[in-house]
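Q: Before I ask anything, here is the structure I am working with.
Protein chains: 2
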Amino acid sequence: MSFEQKVIQSGTVTTPKGFLAGATCAGIKSQDKLDLGLLYSEVSCVAVGLFTTNKIKSAPVILSQKHLENNKAQAIVVNSGCANACTGERGIGDAREITNLTVGKLSILPEDVLIASTGVIGVPLPMEKVRVGIMKITLSKEGGHELAKAMMTTDTFPKEIAISVRADSEQVIIGGVAKGSGMVHPDLATMLCFLTTDADVEADFLHSALQRAVATSFNMVTVDGDTSPSDSVFLLANGLVRNQKIGFNSGEAFQAALNEVCLYLAKSVARDGEGATKLMEVMVEGAVNETEARQAARNIASSSLVKAAIHGSDPNWGRVVAVVGRSGIEMNESKMDLYLNQMCLMKSGNPVSFDKGALRRSLDKKEVYIRVCLNIGEGKATAWGCDLSEEYVTINSTYTT
Amino acid sequence: MSFEQKVIQSGTVTTPKGFLAGATCAGIKSQDKLDLGLLYSEVSCVAVGLFTTNKIKSAPVILSQKHLENNKAQAIVVNSGCANACTGERGIGDAREITNLTVGKLSILPEDVLIASTGVIGVPLPMEKVRVGIMKITLSKEGGHELAKAMMTTDTFPKEIAISVRADSEQVIIGGVAKGSGMVHPDLATMLCFLTTDADVEADFLHSALQRAVATSFNMVTVDGDTSPSDSVFLLANGLVRNQKIGFNSGEAFQAALNEVCLYLAKSVARDGEGATKLMEVMVEGAVNETEARQAARNIASSSLVKAAIHGSDPNWGRVVAVVGRSGIEMNESKMDLYLNQMCLMKSGNPVSFDKGALRRSLDKKEVYIRVCLNIGEGKATAWGCDLSEEYVTINSTYTT
Chain A
4 MSFEQKVIQS GTVTTPKGFL AGATCAGIKS QDKLDLGLLY SEVSCVAVGL FTTNKIKSAP
64 VILSQKHLEN NKAQAIVVNS GCANACTGER GIGDAREITN LTVGKLSILP EDVLIASTGV
124 IGVPLPMEKV RVGIMKITLS KEGGHELAKA MMTTDTFPKE IAISVRADSE QVIIGGVAKG
184 SGMVHPDLAT MLCFLTTDAD VEADFLHSAL QRAVATSFNM VTVDGDTSPS DSVFLLANGL
244 VRNQKIGFNS GEAFQAALNE VCLYLAKSVA RDGEGATKLM EVMVEGAVNE TEARQAARNI
304 ASSSLVKAAI HGSDPNWGRV VAVVGRSGIE MNESKMDLYL NQMCLMKSGN PVSFDKGALR
364 RSLDKKEVYI RVCLNIGEGK ATAWGCDLSE EYVTINSTYT T
Chain B
4 MSFEQKVIQS GTVTTPKGFL AGATCAGIKS QDKLDLGLLY SEVSCVAVGL FTTNKIKSAP
64 VILSQKHLEN NKAQAIVVNS GCANACTGER GIGDAREITN LTVGKLSILP EDVLIASTGV
124 IGVPLPMEKV RVGIMKITLS KEGGHELAKA MMTTDTFPKE IAISVRADSE QVIIGGVAKG
184 SGMVHPDLAT MLCFLTTDAD VEADFLHSAL QRAVATSFNM VTVDGDTSPS DSVFLLANGL
244 VRNQKIGFNS GEAFQAALNE VCLYLAKSVA RDGEGATKLM EVMVEGAVNE TEARQAARNI
304 ASSSLVKAAI HGSDPNWGRV VAVVGRSGIE MNESKMDLYL NQMCLMKSGN PVSFDKGALR
364 RSLDKKEVYI RVCLNIGEGK ATAWGCDLSE EYVTINSTYT T
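Those protein sequences? They're chains A and B, same order as listed. All you need for this note's numbering is the position in the first sequence, starting with 1, plus 3. All you need for this note's numbering is the position in the second sequence, starting with 1, plus 3.
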């Protein structure tokens, strides 16, 4: 399917019409790092969100879910350095105060404010810094780039994109920013991702389109198997293009572009997983159905043993087969084939002799492809992950100290 | 419950009457390391086994399951350095040949031979070395110690124990050896564990006793979340003590001692996880039932983020709470308490201020205790794991190279 999509050079979440953003160094992380950002639409938007399935939910998640009940939003406040999760009643109070500060600054309705916080769990927000910080933020058309930086924790690069697509007679733009890069094993959403569009879109369709896009992108990404209490994906459509309203009968091109945006951001999250040096793409084909293919692909992409082997360019392919076996899906060893970077290592359950040196060299590249053919059905799915490096351990053994 | 159990100094799998063992450097691993071992009972034993739930099963697992159908065995052959898994028809043929070589050496029935192989997956056994090796092995009463070493892969120490216990009027002994130390997340069994006893025990009871002992020991241990295709636990009872046959009505003391042996070996496997520097004990209490407590405990013990924090003595306790939230169990954040090394960090869902320096110092010790009180029911369970170190990655990024 081709829908005249175009990736916009240096595009970001403020590329669609009517969106502004800005960020500041509030001092939540440290003095010289952007850690507080604001995204704003000039008009109220149709808005939908997907949230973590973790039963521990951060205060911002609880409040944003409530604010989205009317499917409207006009601003998103985000901070890094503190997740405001496991902070009890105080955390909810702090999230409410952030809402009120934003209402005061922007003169919008409290229900139109969405909040997201990411960072350490179990520590309250330094509200005196947040209060000053929100006042200091200046909004601009270029501010999406600063916003993308302000939401980073252990991310090593900002993740942003904008794609334009023709919806009926009008060009609409979908922009997005996201952050990883640890506690990433999303289960309905990812860590944090904000999506914007200047298209006019029906709320029900917008929600369904977001679910579909997330199912094959963020929900197929894993860094370390842990789902965060802060996971949130927001999608705001302000309709400023004044196109004919997009709905279930006219949404194909919009859906395809949204899928592209989510896929790009999700792969960026995997590529920039904590300590990662390589992006791992895992395709599982020939499963009895898509659900089982997804399950196997995600299990492979999150196996510490597979990830460590990929890190060392060690063609220890038996580990991949062992993960498939323990993943709970239907399978038949004697029908299974396995490919690593297009090289066949197992055919119908039997090992195939291969050029170890050539495979090692190909595994040294920045992207590694694993393909499992179960050959018992039509189900297929792709998951993305990263290698497991000594650096991951170093980052995560000293996170709060 | 006290059953006059006694741990026997330097006890091992050959400490019970009538068991002999031996091992040799066959050259499967490298020239100077024990890698092929044999355990033998002077008389045929009542024997039971538990095996991996991985759908990929190694050739030794497939053959041993078949040989155990009659609940009898007299010998176990084990090698390290090669798992003989994902080796197709050739692997089954090689396992059969090992059976026949053992039959030839010991003059026992083929069905009385059990086989276990551990090491790299997807590589065939070097049978010429195995053939010579089996002939070279000399059996002795002290040979259990050599056997424990011959089954090691990345283990840094052998895992062996023997406990004597009074069963009615007689003292019986239960001995055991086990190996880890990667691809450990057992789901019915662990990597490899061989248990022996000189007690006379009814087969049905023996099987049930083994299941019960494994449920709270090996099945509650995790190193890296990956279940191996080679997992096997064998328990051989040769009856040479000539005690009154132990069965369901008289097995309490035997069960308690068997639990002890399994628990000791399981904790040793966790303590010696690949790259591990600390043993992590995770207790979950107050869950709605035991199944949910087990699920939460195992999830915590296998979280890379928790394991890395423990490695760095980083009191980043929010990660533990986040794992409970994503573990799929019933819970109520506002009722939950959390303790790290007896220090309360969260009470009824609210963070508790604590002495960070003191906690860090206590986390520097070799054993770390995590206790989660859900306070919504009576279910409790304990799981064991280890920290995640840079060394784990180093080991596993160069395993076959």
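Just so you know, even glycine gets a beta-carbon here, dropped at the ideal spot from N, CA and C. None of these values were measured; they are calculated from a predicted model.
Is it buried or exposed, THR385(B), if we count other Cβ atoms within 10 angstroms and call 16 or more buried?
A: buried
Q: Go through its chain and collect everything with a Cβ distance to LYS60(B)'s Cβ below 6 Å, but skip five positions before and after it.
A: PRO232
Q: When you check each C-beta in the stretch 299-312 of chain A against every C-beta of chain B, which residues fall closer than 7 Å?
A: Within the stretch 299-312 of chain A, SER306, SER307, LEU308, ALA311, ALA312 place their CB atoms closer than 7 Å to a CB of chain B, listed in sequence order.
Q: What three-state label does DSSP hand ASN344(A) in the structure shown?
A: coil
Q: For MET4(A), which residues of its own chain have a beta-carbon under 8 Å away from its beta-carbon, when the five flanking residues on both sides are left out?
A: Residue placement at MET4(A) cannot be trusted, given a pLDDT of 47 that sits under 50; what the coordinates show is reported in the next sentence. Excluding the 5 residues flanking it on each side, MET4(A) has same chain C-beta neighbours closer than 8 Å at GLU255, ALA259, in chain order.
Q: What residues of chain B sit near HIS405(A), judged by a beta carbon separation below 8 Å?
A: Nothing about residue 405(A) can be read from this structure; chain A reaches only from 4 to 404.
Q: Considering only C-alpha positions, which residue in the set VAL287(B), VAL285(B), VAL16(B) is nearest to LEU150(B)?
A: Nearest option by C-alpha distance: VAL16(B).
Q: Using a Cβ cut-off of 7 Å (strictly closer), state whether ILE59(B) contacts chain E.
A: Any reference to chain E falls outside this structure, whose protein chains are A and B.
Q: At the level of alpha carbons, what is the spacing between ALA216(A) and ASN319(A)?
A: 33 Å
Q: Whose C-beta lies closer than 7 Å to the C-beta of GLY380(B) among residues of the same chain, with five residues either side of it excluded?
A: GLY289, ALA290, VAL291, ASN292.
Q: Check the Cβ-Cβ distances between TYR402(B) and every residue of chain A, and say whether any is below 7 Å.
A: yes
Q: Check whether the Cβ of PRO161(B) lies closer than 7 Å to any Cβ atom in chain A.
A: Contact of PRO161(B) with chain A is not assigned, every C-beta pair being separated by 7 Å or more.
Q: Return the chain-ordered list of same chain residues with a C-beta closer than 6 Å to the C-beta of ALA76(B), the five sequence neighbours on each side being excluded.
A: CYS48, ALA50, ASP115, LEU117, LEU239
Q: Name the DSSP beta bridge partners of CYS389(A), please?
A: LEU282(A)
Q: Does any CB atom of chain B fall closer than 7 Å to the CB of LEU66(A)?
A: By this cut-off, LEU66(A) is not an interface position.
Q: Give me the chain B residues within the contact set of HIS314(A), using Cβ-Cβ distance strictly less than 7 Å, ordered along the chain.
A: Within chain B, the residues near HIS314(A) are VAL396, SER400.
Q: Look at VAL309(B) and VAL323(B) and say whether their C-beta atoms are less than 7 Å apart.
A: yes
Q: Select from the stretch 367-398 of chain A all residues with a C-beta closer than 9 Å to any C-beta belonging to chain B, and list them in chain order.
A: ASP390, LEU391, SER392, GLU393, GLU394, TYR395, VAL396, THR397, ILE398
Q: Might you give, ordered along the chain, the residues of its own chain that have their beta carbon closer than 7 Å to the beta carbon of THR159(B), omitting 5 neighbours on each side?
A: ASP275
Q: Looking only at its own chain, which residues have a Cβ that is under 6 Å from the Cβ of MET346(B), when we skip the five neighbours before and after it?
A: PHE357, LEU362
Q: Which of the three DSSP states, helix, strand or coil, is assigned to GLU205(A)?
A: coil
Q: Note the first and the last residue of the continuous alpha helix (DSSP H) segment covering ALA86(A).
A: Boundaries cannot be given for ALA86(A), as no alpha helix (DSSP H) includes it and DSSP labels it neither H nor E.
Q: With 16 other CB atoms within 10 Å as the buried threshold, where does PRO3(A) fall?
A: Limits of chain A in this structure are 4 at one end and 404 at the other, which puts residue 3(A) out of reach.
Q: Checking 7 Å against the spacing of the C-beta atoms, do ASP229(A) and ILE313(A) come in under that value?
A: no
Q: Within a Cβ cutoff of 6 Å, which residues of the same chain sit near ASN302(B), ignoring the five residues on either side of it in sequence?
A: VAL326, SER330
Q: So is MET138(A) buried or exposed if we call it buried at 16+ other beta carbons inside 10 Å?
A: With fewer than 16 other beta carbons inside 10 angstroms of its own, MET138(A) counts as exposed.
Q: In the DSSP assignment, what residue or residues form a beta bridge with ILE120(A)?
A: This sequence places Ser at residue 120(A); Ile is not what is there. SER120(A) pairs with ASN82(A).
Q: For ASP125(B), would you say it is in contact with chain A, using Cβ-to-Cβ distances shorter than 7 Å as the test?
A: In the sequence as presented, Asp is not what sits at residue 125(B); that position holds Gly. Yes, contact with chain A.
Q: Quick one: what's MET349(B) bridged to in DSSP?
A: LEU341(B), PRO354(B)
Q: Please classify SER337(A): is it buried, with 16 or more other beta-carbons within 10 angstroms of its beta-carbon, or exposed?
A: exposed
Q: Which residues of chain A have a Cβ atom closer than 8 Å to the Cβ of MET349(B), listed in chain order?
A: When 8 Å is used as the limit between beta carbons, MET349(B) is near these residues of chain A: CYS89, GLY125, in chain order.
Q: Determine, for ARG329(A), whether the minimum Cβ-Cβ distance to residues of chain B falls below 7 Å.
A: yes
Q: To which residues of the same chain is PRO354(A) closer than 8 Å at the C-beta, ignoring the five residues directly before and after it?
A: LEU348
Q: Measuring alpha carbon to alpha carbon, tell me which residue in LEU42(B), LEU109(B), ARG134(B), MET155(B) is nearest ALA32(B).
A: Here residue 32(B) turns out to be Lys, not Ala, going by the sequence shown. Of the candidates LEU42(B), LEU109(B), ARG134(B), MET155(B), the one whose C-alpha sits nearest the C-alpha of LYS32(B) is MET155(B).
Q: Taking the straight line between their C-alpha atoms, what separation do you get for CYS89(B) and ILE101(B)?
A: 17 Å
Q: Let's test the definition: count the other Cβ atoms within 10 Å of the Cβ of SER172(B) and tell me whether it reaches 16, buried, or not, exposed.
A: exposed
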